[in-house]
Amino acid sequence: MTKNREVALALNEISLLLQIEGTDKFKHLSYARAARSVTGLGEDIEVIRARGELEKIPGVGTGISKKIESFLDTGSIKLLDELREQVPVKVWELDAIPDVGPKTIKMLYQELGIIDLDSLEKALNEGKLDDLKGMGEKTLEKMREGIAIARLGSSRTLMSDALTAAEPVVTELRRLADVRQVEIAGSLRRRRETIGDIDILVDAVEESKVMDYFVSASYVEEVLAHGSTKSAIRTKDGLQIDLRIVPAESYGAGLQYFTGSVDHNVKLRSIGVKKGLRLNEYGLFRGEEKIAGSDEEGIYKALGLAYIPPELREDRGEIEAAQEGKLPNLITINDIRGDLHIHTDQSDGKNTIDEMLTAAAKKKYEYYCLSDHTQSLTIANGMDESRLLKRIDEIDDLNVSGNWRMKILKGAEVDILADGSLDIEDSVLSQLDVVTVSVHSRMKDDKKKMTERVCHALENKHVHVLGHPTGRLLLKRPEFEINLEDVFETAKKHNVVMELNAHPQRLDLNAGNLRAATRIGLKIAINTDAHYTSELDFMQFGVFQARRGWVTKNDVVNSYSLSNLMKAIKK
Ligand SMILES: [Zn+2]
Ligand SMILES: [Zn+2]
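Under the numbering used here, the first residue of the sequence shown is numbered 1, with each subsequent residue one higher.
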């Protein structure tokens with residue numbers, strides 16, 4: 001269990017508090033940058049510290065590295081404690097409201113003494129914000145919705161974070177001599193985008209030994225319950241993990257039951273009833289006789305169903321498909337042959353081209369597309385035409401150098417401007433292998449405008465992929481308003497691929513949208529949008545999401561060989 005997340009949260013809190021306290025104009029920027037770097041680390045920060053390399057983390061100088069050390073040793077930072085005393089505001093709570101930043105938080109605190117979500121909600125309900133400057137009816141309405149989003153965020157965790165927390169726990173449990181079987185269950189096993197609690201299911205030789213071990217492990221911050229068959233702990237990352245012990249003869253039934261979803265299980269039980277069978281967490285029974293229960297496959301089989309992968313268990317037609325033997329043959333991580341959307345330090349990525357290529361080569365990719373931002377994204381140091389042309393030459397050189405087995409594709413993530421035009425000339429776009437277009441600005445356009453804007457961009461004859469089509473950031477920013485049906489139709493007409501952005505905070509498109517897209521024959525590109533070498537690992541999260549969306553290998557262009565990929569995206 002790493003402390004990366006806690007360190008990043010502390011640095012981010014310092015940055016927010018500095019902005020509210022307001023004596024220094026720039027110091028907060030370096031803390032925000034350091035927080036972002038720590039979040040993106042592909043390695044345990046304590047391991048980096050042990051090597052004496054904290055200062056090598058981008059944005060972490062001597063001052064901040066000392067503070068990180070203090071945090072790792074004592075759990076606190078003097079500057080943070082002082083700031084909290086001066087500004088007793090739960091900034092992380094208020095900052096989680098979409099469109100509310102330090103400026104607003106400061107104003108709310110100074111004018112109305114608002115310090116957290118509860119006091120903000122109370123003030124809103126009492127009409128105290130009505131007379132504040134810049135608070136129109138629409139802004140207040142958005143703020144109300146935003147409070148709900150922020151609340152959700154504090155009670156839920158990204159699937160990627162939950163998996164990162166759960167996998168080492170499972171690995172440690174598996175090593176115990178008393179553990180026969182151990183699996184993650186619950187919504188995490190179904191790979192939902194966000195997770196409440198983590199459920200782990202164990203089949204053990206001696207229950208009490210496993211439980212004693214679990215509640216006293218190094219990652220435990222607080223023991224919430226300690227029983228012989230069920231215990232619950234809170235980790236140092238603030239996640240709740242429930243561990244259940246189930247006897248071997250019921251392990252499959254328990255795993256099936258605790259994996260859910262509730263809707264899926266209700267329908268399974270009703271199918272059982274029609275066959276004169278009773279299904280519960282202990283097994284599948286005919287009268288008193290148990291006919292299945294030790295493994296999941298046996299339960300589905302006895303109910304007359306093909307085995308249903310956990311990602312599909314939402315009662316969205318998977319049970320009917322399993323009855324008819326028509327379950328989709330879902331994409332797997334091993335099917336992926338390349339990544340079509342990554343950034344380098346030439347725009348806002350943190351690693352060089354060479355470092356990104358080396359990381360991709362380790363994945364044994366067949367092709368890899370460098371797709372940095374374009375010029376209108378100035379904060380990301382986007383490329384203009386002349387830089388892009390230079391990049392094209394550079395990639396040609398790399399491809400003939402013989403240093404790389406994979407084909408390096410020429411790409412860009414081109415900005416869709418307000419009117420739907422692109423910020424790079426057609427004459428340059430035509431020289432790229434993969435042109436991805438994305439919305440990064442004016443995300444509050446109304447539905448009609450946004451739909452027309454994106455559709456217009458897709459009509460450009462050089463465009464191959466629509467990047468992160470809804471712009472959402474999970475637990476942070478809702479999708480922008482857009483009519484995806486129209487977008488899909490336009491994409492179909494102009495042979496544009498939909499991206500499934502695998503960044504765990506995006507997972508954009510969502511499962512339902514993926515199904516709608518592939519239903520009309522659109523192809524999908526599962527891309528990491530990596531800004532660090534470590535983020536190439538995001539591919540797995542994209543594949544999980546694709547599976548939730550019933551996506552097969554044939555639907556995914558970056559599972560194709562290079563020549564088939566080029567054929568598939570050809571205009
Ligand atoms: Zn983007
Ligand atoms: Zn990107």
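From the three backbone atoms N, C-alpha and C, an ideal C-beta is built for every residue, glycine too.
Check: Alpha carbon to alpha carbon, what distance is there between Glu137 and Ile299?; Outcome: 55 Å
Check: Please determine, among Ile424, Asp393, Asp419 and Ala418, the residue with the shortest C-alpha to C-alpha distance to Lys572.; Outcome: Because residue 572 is not part of the residues shown, which for the chain are 1 to 571, the question remains open.
Check: Quick check: what's the CA-CA separation for Asn501 versus Val428?; Outcome: 25 Å
Check: For Val435, which beta-bridge partners are listed by DSSP?; Outcome: Ala412
Check: If we ignore side chains and look at the alpha-carbon of each, how far apart do Arg189 and Asp199 end up?; Outcome: 9 Å
Check: Does ligand 2 have a heavy atom nearer than 8 Å to the CB of Ser371?; Outcome: yes
Check: Just mark Tyr307 as buried or exposed, buried being the case when its beta carbon has 16 or more other beta carbons within 10 Å.; Outcome: exposed
Check: Just list the residues that DSSP pairs Phe285 with in beta bridges.; Outcome: Arg278 and Lys290
Check: Quick one: is Asn125 buried, meaning 16 or more other Cβ sit within 10 Å of its Cβ, or exposed?; Outcome: exposed
Check: Between the alpha carbons of Arg286 and Gly276, how many angstroms are there, rounded?; Outcome: 7 Å
Check: Look up Val215 in the DSSP assignment and say whether it is helix, strand or coil.; Outcome: helix
Check: Which residues count as close to ligand 1 when the rule is a CB under 6 Å from any of its heavy atoms, in chain order?; Outcome: Glu413, Ser438, His440, Gly467 and His468
Check: Let's test the definition: count the other Cβ atoms within 10 Å of the Cβ of Met1 and tell me whether it reaches 16, buried, or not, exposed.; Outcome: The predicted position of Met1 is uncertain, since its pLDDT is 47 and thus under 50; a value taken from the coordinates is nonetheless stated next. Counting Cβ neighbours within 10 Å, Met1 comes out buried, since at least 16 surround it.
Check: Tell me the DSSP secondary structure of Tyr368 in three-state form.; Outcome: strand
Check: Return the first residue and the last residue of the alpha helix (DSSP H) that Thr518 is part of.; Outcome: Ala511 to Arg519
Check: Taking C-beta to C-beta, are Tyr367 and Ile395 nearer than 9 Å?; Outcome: no
Check: State yes or no: is the C-beta of Leu201 within less than 9 Å of the C-beta of Leu255?; Outcome: yes
Check: If the criterion is Cβ atoms closer than 9 Å, does the pair Gly542 and Asn527 meet it?; Outcome: yes
Check: Compute every distance between the C-beta of His341 and the non-hydrogen atoms of ligand 2, then say whether any falls below 8 Å.; Outcome: yes
Check: Note the first and the last residue of the continuous alpha helix (DSSP H) segment covering Val91.; Outcome: Val91 to Asp95
Check: Where Tyr251 and Arg175 are concerned, what is the direct C-alpha to C-alpha distance, given to the nearest angstrom?; Outcome: 19 Å
Check: Going by beta carbon distance, what residues of the same chain come within less than 7 Å of Ala204, once the five residues before and after it are set aside?; Outcome: Asp178, Val179, Arg180, Val210 and Ile245
Check: If you check the beta carbons only, do Cys640 and Gly420 fall under 9 Å apart?; Outcome: Beyond the ends of the chain as shown, which are 1 and 571, falls residue 640; an answer cannot be given.
Check: Going along the chain, which residues of its own chain have a beta-carbon closer than 8 Å to the beta-carbon of Arg156, five neighbours each way excluded?; Outcome: Thr194, Ile195, Gly196 and Leu475
Check: Give the C-beta separation of Asp372 and Ser347 to the nearest angstrom, bearing in mind that I take them to be a contact with Cβ-Cβ under 8 Å.; Outcome: 4 Å
Check: For His462, collect the residues of the same chain with a Cβ closer than 7 Å to its Cβ; drop the 5 residues on either side in sequence, then sort them by chain order.; Outcome: Asp426, Leu429, Ser430 and Val435
Check: Take Ile20 and list the residues in its own chain whose beta-carbon comes closer than 8 Å to its own, dropping the five residues that flank it on each side.; Outcome: Val87, Val89, Val91, Pro102, Ile105, Lys106 and Tyr109
Check: Leaving out the 5 sequence neighbours to the left and right, which residues in its chain are closer than 6 Å to Leu565 when beta-carbon positions are compared?; Outcome: Val557
Check: Taking Ser261 and Asp345 to be in contact with their CB atoms under 8 Å, please state how far apart those CB atoms are, rounded to whole angstroms.; Outcome: The pair is not a contact, with the Cβ atoms about 42 Å apart (cut-off 8 Å).
Check: Just reading off the alpha helix (DSSP H) that Ala177 is part of, what are its end residues?; Outcome: From DSSP, Ala177 is part of no alpha helix (DSSP H); its letter is neither H nor E.
Check: Which partner residues does Thr235 have in the DSSP bridge list?; Outcome: Val220
Check: Return the residue from the list Lys567, Ala162 and Leu9 that minimises the CA-CA distance to Ala35.; Outcome: Leu9
Check: Tell me the start and end of each unbroken alpha helix (DSSP H) in the region 430-484 that is at least 4 residues and wholly inside, in chain order.; Outcome: 447-458
Check: Out of Glu452, Ala253 and Ala412, which has the shortest C-alpha to C-alpha gap to Arg278?; Outcome: Ala253
Check: Out of Ala148, Thr518 and Ile524, which has the shortest C-alpha to C-alpha gap to His468?; Outcome: Ile524
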